[in-house]
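What follows is a single structure, written as structure tokens, with notes after it.
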Amino acid sequence: MEPVRAVVAEAVADSHGRIVAALIRITGDWDLAEDCAQEAVTVALERWPSDGVPDNPGGWLMTVARNRAIDVLRRATVERRKLAELAVLSDPAPEPATASDDRLRLIFTCCHPALALEARVALTLRTVAGVPTADIARAFLVTESTMTRRLTRAKAKIAQARIPYRVPSGAALAERLPGVLAVLYLLFTRGYDSDGEPAFAAEAIRLARLLTALMPGEPEVAALLALFLLQHSRRDARRDDEGNLLTLDRQDRARWDHDAIAEALRILPASDGPYALQARIAACHAADTTDWPRIAGLYDRLAERLPSPVVQLNRAVAHGYAYGPADGLALLAAAREGGGLDDYPLAVAAEAELTARAGDRERAVALFERAASVAHSYAEQRALLARAEELS
Numbered sequence: 004m005e006p007v008r009a010v011v012a013e014a015v016a017d018s019h020g021r022i023v024a025a026l027i028r029i030t031g032d033w034d035l036a037e038d039c040a041q042e043a044v045t046v047a048l049e050r051w052p053s054d055g056v057p058d059n060p061g062g063w064l065m066t067v068a069r070n071r072a073i074d075v076l077r078r079a080t081v082e083r084r085k086l087a088e089l090a091v092l093s094d095p096a097p098e099p100a101t102a103s104d105d106r107l108r109l110i111f112t113c114c115h116p117a118l119a120l121e122a123r124v125a126l127t128l129r130t131v132a133g134v135p136t137a138d139i140a141r142a143f144l145v146t147e148s149t150m151t152r153r154l155t156r157a158k159a160k161i162a163q164a165r166i167p168y169r170v171p172s173g174a175a176l177a178e179r180l181p182g183v184l185a186v187l188y189l190l191f192t193r194g195y196d197s198d199g200e201p202a203f204a205a206e207a208i209r210l211a212r213l214l215t216a217l218m219p220g221e222p223e224v225a226a227l228l229a230l231f232l233l234q235h236s237r238r239d240a241r242r243d244d245e246g247n248l249l250t251l252d253r254q255d256r257a258r259w260d261h262d263a264i265a266e267a268l269r270i271l272p273a274s275d276g277p278y279a280l281q282a283r284i285a286a287c288h289a290a291d292t293t294d295w296p297r298i299a300g301l302y303d304r305l306a307e308r309l310p311s312p313v314v315q316l317n318r319a320v321a322h323g324y325a326y327g328p329a330d331g332l333a334l335l336a337a338a339r340e341g342g343g344l345d346d347y348p349l350a351v352a353a354e355a356e357l358t359a360r361a362g363d364r365e366r367a368v369a370l371f372e373r374a375a376s377v378a379h380s381y382a383e384q385r386a387l388l389a390r391a392e393e394l395s
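Under the working numbering, the sequence shown has 320 at position 317, and the numbering climbs by one with no breaks.
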């Protein structure tokens with residue numbers, strides 16, 4: 004039974020978004036599409052152990068889900084508009100010719116700016132990726148029933164606001180695409196954080212691959228995938244044997260995923276968008292020797308394109324390593340004046356590290372202890388306290 008479950012899980016990961024997207028396009032009913040896709044999985048788990056795994060698992064799931072939708076719509080005879088769609092649903096092809104368009108429509112609809120950012124992330128996880136509601140709830144630190152209500156409200160808003168189920172074009176596409184990429188970036192971050200859900204990072208990579216295949220002419224899409232691959236390549240080296248977090252300079256590079264790094268470098272576009280610049284910075288860290296002046300220069304360009312407090316913080320750190328801790332501390336002080344970094348654990352930790360490099364170990368210890376007191380996770384707290392102990 005376990006091998007069958009693995010095959011079903013693989014087929015669901017590959018086909019869920021395609022099936023749901025196709026049924027939403029045809030029926031206009033989000034709940035019906037998700038229910039039918041899930042029922043197809045249930046039927047597969049019942050039949051495949053005895054009947055054998057079909058040659059085309061994804062096509063089989065699509066056919067069962069489509070047939071289930073036909074049954075539901077036939078029973079709803081009062082919905083004449085739905086009945087008119089039966090001819091389309093009865094098409095024996097296991098996958099609609101517009102499958103790629105369907106998935107793009109679904110992604111852009113889930114990431115519509117009319118929805119709150121957390122709702123966009125949750126809806127993308129549930130509808131596009133097929134992640135169970137319970138897993139999404141755990142990542143958002145809420146109960147499953149609460150997350151169910153949030154997802155229901157998000158879908159209701161799509162209907163009430165008449166959010167169109169389509170991919171924007173022209174100037175509208177350029178305006179909307181950064182929002183879609185931001186959802187994937189947040190999804191990756193929720194998986195890559197020290198206390199995050201690792202599966203979410205892998206799911207963000209899978210969705211970024213899908214978006215790259217569907218939108219090959221968009222350099223920032225490829226850049227985002229490259230950034231994910233470079234960051235995720237270090238996943239197995241981020242902790243020691245006791246589970247303690249390791250900074251980049253202390254990681255065993257032999258444990259990095261060098262195939263992922265090679266793929267990222269191969270697809271990284273020669274553009275100057277925010278994700279391309281971040282990916283180039285990550286690529287510098289993946290090199291045999293870290294070129295801090297180059298990283299500092301890239302952060303200078305990124306700060307012009309994306310002048311956020313976190314970018315300014317990272318720019319200060321890069322300059323501190325490239326040109327000396329005094330330069331880094333001066334830029335950090337300027338970044339603090341801009342706001343957004345008060346008691347931010349990584350900002351306090353950065354000041355502590357630069358202060359230690361400047362030779363003031365006593366103040367650095369106090370800063371590391373302060374950073375630990377406001378850290379967001381136990382793993383970060385332990386790492387910061389360990390650094391303080393090391394200096395003292």
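The C-beta atom is built at its ideal place from N, Cα and C for all residues, glycine as well. In this text the structure is predicted, and so the values were computed from the model without any measurement.
Can you tell which of N247, A225, L251 and V224 has the C-alpha that lies nearest to the C-alpha of S236? Counting from one through the sequence shown, the residue named residue 236 turns up at place 233. Answer by Cα proximity: L251.
Comparing alpha-carbon positions, which option in L316, R283 and E49 lies nearest S274? Residue numbering aside, residue 274 sits at position 271 when the sequence shown is read from its first letter. Checked all of L316, R283 and E49; the closest Cα to S274 is R283.
Across the stretch 165 to 177 and the stretch 106 to 121, are there enough close Cβ pairs to call them in contact, namely three or more that are closer than 8 Å? yes
Measure the Cβ-Cβ separation of A321 and A299 and say whether it is below 7 Å. As a first step, residue 321 must be located in the sequence shown, where it is residue number 318. As a first step, residue 299 must be located in the sequence shown, where it is residue number 296. Yes.
Any idea what DSSP makes of L309, helix, strand or coil? Position 306 of the sequence shown, counting from 1, holds the residue named residue 309. Correct three-state label for L309: coil.
Residues near L388 in its chain [Cβ-Cβ closer than 6 Å; skip 5 each side]: Locating residue 388 in the sequence shown gives position 385, counting from the first residue. Excluding positions up to five away in sequence, the list reads A375.
Under three-state DSSP, which class holds R242? Locating residue 242 in the sequence shown gives position 239, where the first residue counts as 1. Of the three classes helix, strand and coil, the one that applies to R242 here is strand, per DSSP.
Are there 16 or more other CB atoms within 10 angstroms of the CB of N247, so buried, or fewer, so exposed? Within the sequence shown, numbered from 1, the residue matching residue 247 stands at position 244. By the neighbour-count rule (16 or more Cβ atoms within 10 Å), N247 is not buried but exposed.
Buried or exposed (CB count within 10 angstroms, at least 16 for buried), R308: Residue mapping note: residue 308 aligns to position 305 of the sequence shown, counting from 1. So R308 counts as exposed.
What distance in whole Å lies between the Cβ atoms of V56 and G133, which are believed to be in contact at a cut-off of 8 Å? Counted from its first residue, the sequence shown places residue 133 at position 130. Counted from its first residue, the sequence shown places residue 56 at position 53. With 8 Å as the limit, G133 and V56 do not qualify as a contact, their Cβ atoms being about 19 Å apart.
Can the beta-carbon of D226 be found closer than 7 Å to that of Y278? Locating residue 226 in the sequence shown gives position 223, counting from the first residue. Locating residue 278 in the sequence shown gives position 275, counting from the first residue. In the sequence on display, residue 226 carries Ala and not Asp. Taking 7 Å as the Cβ cut-off, A226 and Y278 qualify as a contacting pair.
Would you kindly check if the distance between the Cβ of P328 and the Cβ of R360 is under 7 Å? Against the sequence shown, residue 360 aligns to sequence position 357. Against the sequence shown, residue 328 aligns to sequence position 325. Yes, Cβ-Cβ distance for R360 and P328 is below 7 Å.
Rounded to the nearest angstrom, what separates L184 and A325 at their Cα positions? Your numbering for residue 184 matches position 181 in the sequence shown. Your numbering for residue 325 matches position 322 in the sequence shown. Using only the alpha carbons, I get a separation of about 30 Å.
Between P312 and G341, how many whole angstroms is the CB-CB distance? I'm expecting something under 8 Å. Here residue 312 is taken as the residue at index 309 of the sequence shown, counted from 1. Here residue 341 is taken as the residue at index 338 of the sequence shown, counted from 1. So it is a contact: roughly 6 Å between Cβ atoms.
Using only the alpha-carbon positions, how far apart do D260 and A205 sit? Counting from 1 along the sequence shown, the entry for residue 260 is found at position 257. Counting from 1 along the sequence shown, the entry for residue 205 is found at position 202. Those two C-alpha atoms are separated by around 14 Å.
Note the first and the last residue of the continuous alpha helix (DSSP H) segment covering V377. Reading the sequence shown from its first residue, position 374 is the one you call residue 377. Careful: V377 lies outside any alpha helix (DSSP H) and carries neither H nor E.
Span of the alpha helix (DSSP H) holding N70? Position 67 of the sequence shown holds residue 70. Segment P60 to R78, the alpha helix (DSSP H) holding N70.
Straight-line Cα distance separating R390 from A409: Here the chain comprises residues numbered 4 to 395, so residue 409 is not present and cannot be evaluated.
For L210, which three-state DSSP category applies? Indexing the sequence shown from 1 puts residue 210 at position 207. In the structure shown, the three-state DSSP call for L210 is helix.
Tell me whether L248 sits in a helix, a strand or coil according to DSSP, three-state version. Counting from 1 along the sequence shown, the entry for residue 248 is found at position 245. Reduced to three states, the DSSP call for L248 is strand.
For Q254, does the three-state DSSP call read helix, strand or coil? Position 251 of the sequence shown, counted from the first residue, corresponds to residue 254. Coil at Q254, not helix or strand.
7 Å is my cut-off, CB to CB: does D196 come that close to chain C? Annotation note: the requested chain C is absent from the structure, which comprises a single protein chain.
Nearest by alpha-carbon distance to E383: which of L349, L394, T358 and G362 is it? Here residue 383 is taken as the residue at index 380 of the sequence shown, counted from 1. Per the Cα distances, L349.
Straight-line gap, P52 to R152 (C-alpha atoms, nearest Å): As a position in the sequence shown, residue 52 is number 49, starting the count at 1. As a position in the sequence shown, residue 152 is number 149, starting the count at 1. Spanning the two alpha carbons is a distance of roughly 35 Å.
Indicate the three-state DSSP secondary structure (helix, strand or coil) for V145 in the structure shown. On the sequence shown, residue 145 is found 142 positions in, with the first residue counted as 1. Correct three-state label for V145: coil.
What span of residues does the alpha helix (DSSP H) with P167 cover, start to end? The count along the sequence shown starts at 1 and reaches residue 167 at position 164. From DSSP, P167 is part of no alpha helix (DSSP H); its letter is neither H nor E.
Exposure of S395, with buried meaning 16 or more beta-carbon neighbours within 10 Å: By 1-based counting over the sequence shown, the position of residue 395 is 392. So S395 ends up on the exposed side.
7 Å Cβ cutoff met for A229 and I270: For the purposes of this step, residue 229 is taken as residue 226 along the sequence shown, with counting starting at 1. For the purposes of this step, residue 270 is taken as residue 267 along the sequence shown, with counting starting at 1. Against a cut-off of 7 Å, the Cβ pair of I270 and A229 comes out as a contact.
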